[in-house]
Amino acid sequence: ALLVSVLVRTECPLARLPQLSLAVGLAVRDAVAEALGDDTRALVKWPNDVWARGPGGEPLRKVAGVLVESTLLGGRVESLVVGVGINVATREFPEELRDRATSLALLGAPHVTRGDVLVALVRGLAHDVPRAAAHGLGPLHERLARACALTGSWLETGDVAGRCEGIDRDGRLLVRGGDGTLARLVSGEVHVGALPR
Numbered sequence: 227a228l229l230v231s232v233l234v235r236t237e238c239p240l241a242r243l244p245q246l247s248l249a250v251g252l253a254v255r256d257a258v259a260e261a262l263g264d265d266t267r268a269l270v271k272w273p274n275d276v277w278a279r280g281p282g283g284e285p286l287r288k289v290a291g292v293l294v295e296s297t298l299l300g301g302r303v304e305s306l307v308v309g310v311g312i313n314v315a316t317r318e319f320p321e322e323l324r325d326r327a328t329s330l331a332l333l334g335a336p337h338v339t340r341g342d343v344l345v346a347l348v349r350g351l352a353h354d355v356p357r358a359a360a361h362g363l364g365p366l367h368e369r370l371a372r373a374c375a376l377t378g379s380w381l382e383t384g385d386v387a388g389r390c391e392g393i394d395r396d397g398r399l400l401v402r403g404g405d406g407t408l409a410r411l412v413s414g415e416v417h418v419g420a421l422p423r
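This is the structure in structure tokens:
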């Protein structure tokens, strides 16, 4: 696995931090897609994972995770520490993870090295994070919307359940309940559930 922490010096208002986290997730997704040589199989699972499917259309499985911590100064973000774990050459997972985790090697990219992935990741972070810090998700939103793994899925989290309608320009997950109300989730763990009958 590639396990790395990257210090990203960027300044922006604290309110933009969730958008920076999604910009990081998008950069990780792009590094995975580049390794796979396919821009359609790697997706962002809001708020902080990257999922991918095999070349034969296998179910989505987690290939990477992201953790973003910030340094604040006077109510502003001064820098980010981006922690990333990407399964690169792993061929076997423990029994409890086999149906949920995958790696670049298992996805059909056995010759990609951790160095290759690291170069693509740092390049993506250098491109996407400053843009999100300066302008929010606007310049990245179209790419993020195409790469949202949850769009169309039935989601359950806390007291919210409904169909995911994507991610808005502020980085909130949009979930349309069975009664038609639209919830805008700022954070939290979401679970993909079975569609109601």
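Residues in the sequence shown are numbered consecutively from 227, following the numbering used here. Ideal placement from N, C-alpha and C gives every residue a C-beta, glycine not left out.
- The C-alpha of L333 is placed about 5 Å away from the C-alpha of G280.
- Here C390 has L376, T377, S379, L381, V401 as same chain residues with Cβ atoms under 6 Å from its own Cβ, once five neighbours each way along the sequence are excluded.
- In the three-state DSSP reduction, G334 falls in the coil class, being neither helix nor strand.
- With contacts defined by Cβ atoms closer than 7 Å, A261 and V343 form a contacting pair.
- The residues G350, L351, D354, in chain order, have a CB closer than 6 Å to that of A253 in the same chain once the five nearest residues on each side in sequence are set aside.
- Under the DSSP assignment, G309 falls in the beta strand (DSSP E) whose first and last residues are 302 to 312.
- V234 is not a Cβ neighbour of G251, given a cutoff of 7 Å.
- Between the alpha carbons of R255 and T407 lies a distance of about 30 Å.
- Its Cα nearest to that of L229, the residue T316 stands out among T316, L323, A278.
- In this structure, S329 is the residue among E318, S305, S296, S329 with its C-alpha nearest to the C-alpha of V276.
- Separation of G414 and G362 (C-alpha to C-alpha, rounded to the nearest whole angstrom) is 20 Å.
- Look at D354 here: in three-state DSSP terms it is helix.
- DSSP places V412 in the coil class of the three-state scheme, outside both helix and strand.
- G364 carries a helical assignment under DSSP once its states are collapsed to helix, strand and coil.
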